[in-house]
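Visitor:
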Amino acid sequence: MAEEKHILWTSGISKSFAGVKVLDGVELNIIPGEVHALMGENGAGKSTLMKIIMGIYTKDSGQIYFEGKDCDFKSPKDALEAGISMIHQELSPIPEMTVSENVFLGREQKKVKGLPFVDKKELNKRTQILLEEYELTQYITPNMKMKDLNIAQIQMVEIIKAISYHSKVIIMDEPTSSLSEKETVILYRIIDTLKKNQVGIIYISHRMEEVFELADRVSVLRDGKFIGCETVANTSREILINMMVGRELGSGYPKNSAEVGEVLLEVKDFNRKGVFEDINLKVRSGEIVGMAGLVGAGRSEVMRALVGYDKLDSGKVFMQGKEIIIKHPKDAKQNHIIMAPEDRKEMGLLLCRSIKENVSIQNMDRISRASFVNKAKEKKICSDITKQMNTKMNSINDSVSSLSGGNQQKVVLSKCLLSEPKVLILDEPTRGIDVGAKAAIYDIMVKLTEQGIGIIMISSEMPELIGMSNRVVVMSGGHITGEIEGEEAASQQTILKLALGGKEK
Amino acid sequence: MTQKKDIGKIVRDFGLAAVVLLIIIVMSFLSESFLTTNNITNILRQISINGVLAVGMTFVVLTGGIDLSVGSLVAVTSVICGSLLEGEMNTFLVCIIGVAAAMAFGLLNGYLVSYVGFQPFIATLATMTIGRGFAMVYADGKPYIIKDPSFIFIGQGKIAGIPTLVVILLVICMLGIIILNTTTFGRYIFAIGGNKNAARLSGVKTKKIEMLVYLLSGFCCGIVGLMLSARISSGQPTAGEGYELDAIAAVAIGGTSMNGGIGSLRGTILGFLILGLLSNSMNLMNIDSFYQNIVKGIIIILAVFLDMKTKGKQD
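Those sequence lines, one after another, are chains F and R.
Counted from 1, the first sequence has number 55 at position 55 by our numbering; the numbering is strictly sequential.
Counted from 1, the second sequence has number 35 at position 35 by our numbering; the numbering is strictly sequential.
Written as structure tokens, this is what we have:
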């Protein structure tokens, strides 16, 4: 079956962890110069398959052929040297190193052979050549320090690093998940050049739009099984979603029939020097307020200051007309303003602790008396809410790190809802989670608004903002640059114009 | 997957308990004096000192911190008690003041770490040096002789046939387990070690909790200061030198992660039992104390290695 045109070909890959089969006879083949999208819900086995190809995990059975040879890489270094590299979703550069030092890490050109003196000039020269070839010189120079780069720039460096290894296959794991639209365009251009150079790209993504824009073929995994491989030109969004979830899904956004009532929360003249300025915001009961803007526009920062996590230079907060003082997230919680943060690992979850403890930590007041935890009550309340959320798990005593991204997000939501929010702030609630879990989270949001809760949703996905919000507030460069009400006005173009607009000033 | 992990956890705790049993069985064959009441009492007395420190240390390590100052704080309490007892102050008052002094240092540790933002290693390294210096200056480098019989009772007396030192250890362990496993404070400690940012966003007063944890460690140091001074009938400025390492070793052997968030007092208790039994066994067998250090180090390496192996399987 291994045809000569395939640069990478896997067959019958299976892998079990502790008796649970996570991959079951998976096929994948890559042609040089194609973008091959790999789709599937979280937990479908995409990452495990990639980790097996890269030699991070060992497979239980199956073959991997690379350039026609049966390969079994023992470590990522082996894979890298053979010509397969991976751009991880979470990048981890060494902050104090320069771009060129990072690219050639471990392969430094020595001034004199055998002596440990690095020829920085030579490294810079070689990096510069690569940057020029991929037209990236206006974004990065070889001498920049990694700590001064943003996510998009770091990603460019990673790609350059992959190219410097003469990689013939590059795996990209959700590369656009933290990129702005503008940065995404640059990435697409790099990918085009890679295609011309006959590099095969495995592109893991949850975003339909980009799969149709970018990919030549798409393979779908579900529950560790290979479902099928389609040519993008011959498939449709509906077919792919069906393949991924094994069932029909609606248009994607549930109908929101909640009545918008009185003003719940009012933010007045929020300022934080160098971060945001003159922020005024109102949230009514039953309303979903979308917050649009590019990465770095200051949306999360405003929200973090609102709940007392970050400091605030000046500004007032009113809850149902009464001024409240918030100096610590505890104050926000007592006023029923609850935030589900953007980064689950960074701010959302205690990854090494159980699901139960993660849910209860924010709600000790409900399950304790005189500082003693009522464990029976804790167990009941936590299992009730997580079940209500349809969290897929064996037991609430499981470590939260054993859950998929979507289910982890449900744990975050569970703990937020237990705190009985009146205003719920959701920062990128669907980032990095699969189609099925996304739909579940949208449903939860609608149910909450029907109960009269006001929601602020920060999102970088335009369709989601437009599909879910009653109102979209756009931020740019730390200012609110516009507010769009009603469906007719809210198109991607107007939002984008506002999101970009503020920067020109 | 979780079942497997639970099994790993049980294997690990059983493993430690098995090591304890193994040492006891082997030693009862190797040495006639091992299983005598005298020797067992001796072991328990020795363990009690390190045990109380290790309980406090467990709290600190669970938050992701470390307390290097414990040995010096023992000396601070020791010299203060020694001098006050020479002045024939009320015994009870002396104990209160002695413990309070160690707690004041604990408070300074906590303040530097949580409110000023020092690395725990650096903050407690500084107070370790200051504490030792303070004890030396205060006592002018010389020990105080303690004669007060009711004070000495703490270190040499018995309650219902059990040495007072051991009774104190049991009480501290029980209190520690109750605090850690049944109170909100205990939950907050695990939460801070697990992810300080997430804990704070969840409304946990992380700074206050961290501060309290160092205060608690200071309290344990104060208690040990009393225990040790009473045991040796003197207020020693050199008391407790190197004790921080034994306490940290017990915590590490017990499986508490040095990054915080994972661990238990049950493990720590097994940890200091193993350390105490080993050192007693080697003494009985006349093994040179230089070799004893080597063995102790190897035990730490083995225990942490075992820990990594059982935890690594989760992935």
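Cβ atoms here follow ideal geometry from the backbone N, Cα and C, with glycine treated the same way.
Every value quoted in this text rests on a predicted model; they were computed, and no experiment measured them.
Roughly how many whole angstroms lie between the Cα atoms of residue 51/R and residue 290/F?
Guide: If you take the alpha carbons of residue 51/R and residue 290/F, they lie about 55 Å apart.
Visitor: Output needed for residue 237/F: all residues of its chain with C-beta closer than 8 Å, excluding positions within five of it in sequence on either side, in chain order.
Guide: Correct list, in chain order: 208, 212.
Visitor: Looking at C-alpha atoms only, which residue of 167/R, 214/R, 248/R is the closest neighbour of residue 258/R?
Guide: Of the candidates 167/R, 214/R, 248/R, the one whose C-alpha sits nearest the C-alpha of residue 258/R is 248/R.
Visitor: Hey, how far is the Cα of residue 303/F from the Cα of residue 187/F?
Guide: Near 29 Å, if we compare the C-alpha coordinates of residue 187/F and residue 303/F.
Visitor: Helix or strand or just coil, what does DSSP make of residue 580/F?
Guide: Nothing can be reported for residue 580/F, as the shown portion of chain F is limited to 1 through 505.
Visitor: By DSSP, does residue 107/F sit in helix, in strand, or in coil?
Guide: Three-state DSSP puts residue 107/F in coil, outside helix and strand.
Visitor: If you pair each beta-carbon of the stretch 84 to 103 of chain R with each one of the stretch 265 to 281 of chain R, do three or more pairs fall below 8 Å?
Guide: No contact exists between the stretch 84 to 103 of chain R and the stretch 265 to 281 of chain R.
Visitor: If you drop the 5 nearest sequence neighbours on each side, which residues of the same chain put their C-beta closer than 8 Å to that of residue 284/F?
Guide: Around residue 284/F: 260, 261, 262, 263, 264, 454.
Visitor: Leaving out five residues on either side along the sequence, give the residues of the same chain with a beta carbon under 7 Å from the beta carbon of residue 275/F.
Guide: These residues qualify, in order along the chain: 298, 301, 478.
Visitor: Hey, could you find the ends of the alpha helix (DSSP H) residue 133/R is sitting in?
Guide: Unbroken alpha helix (DSSP H) run through residue 133/R: 120 to 139.
Visitor: Strictly under 9 Å for the Cβ-Cβ distance: is residue 216/R near chain F by that measure?
Guide: Output row for residue 216/R: interface = no.
Visitor: Would DSSP call residue 4/R helix, strand or coil?
Guide: Annotation note: pLDDT 49 at residue 4/R (below 50); position unreliable, coordinate value reported separately. Helix.
Visitor: Within 10 Å of its beta-carbon, does residue 59/R have 16 or more other beta-carbons around it, so buried, or fewer, so exposed?
Guide: So residue 59/R ends up on the buried side.
Visitor: Return no unless some Cβ of chain F is closer than 9 Å to the Cβ of residue 198/R.
Guide: Yes - at least one Cβ of chain F is within 9 Å of the one on residue 198/R.
Visitor: For chain F, is any of its Cβ atoms less than 9 Å away from the one on residue 195/R?
Guide: Yes, its Cβ sits closer than 9 Å to a Cβ of chain F.
Visitor: Name, please, each residue of chain R whose Cβ falls closer than 9 Å to the Cβ of residue 21/F.
Guide: Within 9 Å Cβ-Cβ: nothing; residue 21/F doesn't reach chain R, min ~12 Å.
Visitor: Suppose you measure from the CA of residue 158/R to the CA of residue 280/R; what does that come to, to the nearest Å?
Guide: Their Cα atoms are separated by approximately 21 Å.
Visitor: Just mark residue 250/F as buried or exposed, buried being the case when its beta carbon has 16 or more other beta carbons within 10 Å.
Guide: With a pLDDT of 49 at residue 250/F, under the threshold of 50, the modelled position of that residue is not reliable, and the figure given next carries that caveat. Residue 250/F is exposed by the Cβ-count criterion.
Visitor: Starting from residue 352/F, trace the alpha helix (DSSP H) in both directions and tell me its first and last residue.
Guide: Careful: residue 352/F lies outside any alpha helix (DSSP H) and carries neither H nor E.
Visitor: Label residue 254/R either buried or exposed according to how many other C-beta atoms from any shown protein chain fall within 10 Å of its C-beta, with 16 as the threshold for buried.
Guide: Buried, because 16 or more other Cβ atoms sit within 10 Å of the Cβ of residue 254/R.
Visitor: Measuring only the C-alpha atoms, how far is residue 187/R from residue 250/R?
Guide: Answer to the nearest angstrom: the Cα atoms are 22 Å apart.
Visitor: Using a Cβ-Cβ distance cut-off of 9 Å, determine whether residue 88/F contacts chain B.
Guide: The displayed structure is made up of protein chains F and R, and chain B is not among them.
Visitor: Where residue 143/R and residue 218/R are concerned, what is the direct C-alpha to C-alpha distance, given to the nearest angstrom?
Guide: Answer to the nearest angstrom: the Cα atoms are 22 Å apart.
Visitor: Would you list, in sequence order, the uninterrupted beta strand (DSSP E) runs of no fewer than 3 residues that lie entirely inside the stretch 145 to 217 of chain F?
Guide: Complete beta strand (DSSP E) runs here, min 3: 169 to 173, 200 to 204.
Visitor: In this structure, how does DSSP classify residue 93/F when only helix, strand and coil are distinguished?
Guide: Residue 93/F falls in the coil class under three-state DSSP.
Visitor: Please tell me whether residue 309/F has its Cβ less than 9 Å away from any Cβ of chain R.
Guide: It does: the Cβ of residue 309/F has a partner Cβ on chain R nearer than 9 Å.
Visitor: Could you have a look at residue 426/F and say whether DSSP puts it in helix, strand or coil?
Guide: Reduced to three states, the DSSP call for residue 426/F is strand.
Visitor: Hey, residue 82/R and residue 235/R are a contact pair by Cβ (cut 8 Å); roughly how many whole angstroms apart?
Guide: That belief holds up - the Cβ atoms of residue 82/R and residue 235/R are roughly 2 Å apart, short of 8 Å.
Visitor: So with Cβ pairs under 9 Å, would you call residue 183/R a contact of chain F?
Guide: Cβ-Cβ to chain F under 9 Å: yes for residue 183/R.
Visitor: For residue 408/F, does the three-state DSSP call read helix, strand or coil?
Guide: Helix at residue 408/F.
Visitor: DSSP has residue 483/F in a bridge; who is on the other side?
Guide: Answer is 473/F.
Visitor: Which residue's Cα is closest to the Cα of residue 333/F: 400/F, 307/F, 320/F, 146/F?
Guide: For residue 333/F, the nearest C-alpha among the options comes from 307/F.
Visitor: Could you check the C-alpha separation between residue 214/R and residue 261/R for me, to the nearest Å?
Guide: Taking the straight line from one Cα to the other gives about 16 Å.
Visitor: For a minimum of 3 consecutive residues, which ranges assigned as the beta strand (DSSP E) are wholly contained in the stretch 45 to 99 of chain F?
Guide: Runs found: 61 to 66, 84 to 87.
Visitor: Mind checking residue 443/F: buried by the 16 CB within 10 Å criterion, or exposed?
Guide: Its Cβ having fewer than 16 others within 10 Å, residue 443/F is exposed.
Visitor: Can you tell me whether residue 115/R is buried or exposed? The criterion is at least 16 other CB atoms within 10 Å of its CB, across all chains shown.
Guide: Result: exposed.
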